[in-house]
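Residue numbers (our numbering): -19 to 380.
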């Protein structure tokens, strides 16, 4: 009752500017999540996993076998992630449901009143939502290293968690929290279906697993491949410059703009990369007539690369370098080139040598101003039509 009274006494609608002091709550949340997970693992998830994975009449000896324990452990991990993604999604919807920017992206940068980005206050409930997400993904880095089952996509998962924490913190500091709240919402929605599918697979409910996977694919296409680039990125790269006071924020405005948009476009590249993998898994599911295999739900990154391979009789490896170039047009009539180099290292036989099967990393990020077109009508017309051009090219190198 005391906790409920304390929570109800807080004015969650109170507005204030983002401050570095807000991150003081982060260490407490990083400790809060493992405590909650330990309690749920021991008293809730263990019993639920044993019931669904081994059946209602399971023998104790079955739960102690290597295969039984492995499935139960994976079920508990998926149950924990599903619980977080569901609670995070509900929290994001609660925070943004009545906000105007959920229906009109222009309000990411304008209002209420005469507030214009980046001089915008945010509500306490939005701050709480941000700290909740930052705390979870910071904790997830340590959980991935010391708690969870080691999988072949360890490197990719670690890169994802680190990038997510950086994106959350920088978006808060750069006052992109309104955008960030929607980005978190559209990402958590897809992951809910994925974790439900995993738990169904571990429990032997193939039809539920197949249906969950199809919902996961549909939500991925709608939210991450359609809504994210054509609404979110359009707003962060074009609509924001229409609202920005360029005289007042002549220095920090471009820095906030280019750094954060570089991160957001990098996220889009990851969406496309993962979609290629999901698409191949979807085709495989169709060929298997709806039967979901473990590698589909794990979305393993171990499919063959048919373009170029090298084999010396011991192993095969392919080094893929993906370079993303974003040409962003800013109202001060400057064109900036943002170059992001990403590396994918496919090593199919890596397990035999004690390595992960795939490595992923952002090796180089560069921002360069290379042209001034204040009096160039052609370039001005290009800026009016589109705030960004994306050029992607692929380098594939084989090695021994």
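All C-beta atoms in this analysis are idealised placements derived from N, C-alpha and C, irrespective of residue type, glycine included.
- One Cα belongs to residue 230, the other to residue 191, and the distance between them is close to 51 Å.
- Taking a contact as a CB-CB distance under 8 Å, the pair residue 56 and residue 21 counts as one, their CB atoms being some 6 Å apart.
- Contiguous beta strand (DSSP E) elements confined to the region 94 to 119 do not occur, taking only those with 3 or more residues.
- In the three-state DSSP reduction, residue -5 falls in the strand class (E or B).
- Secondary structure at residue 90: strand, using DSSP grouped into helix, strand and coil.
- In chain order, 2, 3, 5, 6 and 9 place their CB closer than 8 Å to the CB of residue 111, counting only its own chain and leaving out the 5 sequence neighbours on each side.
- Close CB contacts of residue 25 within its chain, under the 8 Å cut and outside five residues either way in sequence, are with 55, 56, 59 and 60 (chain order).
- For residue 16, the enclosing alpha helix (DSSP H) covers residues 6 to 20.
- Under the three-state reduction of DSSP output, residue 77 falls in the coil class, being neither helix nor strand.
- Cα atoms of residue 14 and residue 261: separation of roughly 32 Å, rounded to the nearest angstrom.
- Under the criterion of beta carbons closer than 8 Å, residue 103 and residue 232 do not qualify as touching, at roughly 23 Å.
- Of 240, 16, 107 and 255, the smallest CA-CA separation from residue 143 is found for 240.
- As summarised for the region 154 to 180, there are no continuous alpha helix (DSSP H) elements at least 4 residues long confined to that stretch.
- A direct Cα-Cα distance of roughly 42 Å separates residue 28 from residue -1.
- A direct Cα-Cα distance of roughly 14 Å separates residue 205 from residue 169.
- A straight line joining the alpha-carbon of residue 243 with that of residue 134 spans about 21 Å.
- A check of alpha carbon separations from residue 137 across 147, 124, 68 and 145 identifies 124 as the nearest.
- By the Cβ neighbour-count rule, residue 100 is buried, with 16 or more other Cβ atoms within 10 Å of its own.
- Take residue 166, set aside five residues on each side of it, and the residues of its chain with a beta-carbon closer than 7 Å to its own are 203, 204, 207 and 208, in chain order.
- Within the region 227 to 268, the complete alpha helix (DSSP H) segments at least 4 residues long are 232 to 267, listed from N- to C-terminus.
- Annotation: residue 129 to residue 213 spans about 35 Å, alpha carbon to alpha carbon.
- Taking a contact to require three or more Cβ pairs closer than 8 Å, the region 218 to 225 and the region 79 to 89 qualify as touching.
- One alpha carbon belongs to residue 63, the other to residue 106, and they sit about 20 Å apart.
- Between residue 176 and the set 32, 19 and 23, the nearest pair of CA atoms involves 32.
- The alpha carbon of residue 95 has as its nearest neighbour, out of -3, 227 and 201, the alpha carbon of -3.
- In this structure, 259 is the residue among 259, -8 and 182 with its C-alpha nearest to the C-alpha of residue 194.
- Taking 8 Å as the cut-off, the beta carbon of residue 145 is found no closer than this to the beta carbon of residue 108.
- For residue 83, the three-state secondary structure derived from DSSP is coil.
- Note that the C-beta distance between residue 154 and residue 238 is not below 8 Å.
- For residue 197, the enclosing alpha helix (DSSP H) begins and ends at 186 to 199.
- Counting of Cβ neighbours within 10 angstroms places residue 159 among the buried residues, the total reaching 16 or more.
- Of the candidates 152, 66, 97 and 34, 97 places its Cα closest to the Cα of residue 215.
- The Cβ neighbour count for residue 189, taken over all protein chains shown within 10 Å, is at least 16; the residue is labelled buried.
- Around the beta carbon of residue 18, fewer than 16 other beta carbons sit within 10 angstroms, so the residue counts as exposed.
- Of the candidates 234, 75, 116 and -8, the residue whose Cα lies closest to the Cα of residue 65 is 116.
- Taking 8 Å as the cut-off, the beta carbon of residue 68 is found closer than this to the beta carbon of residue 164.
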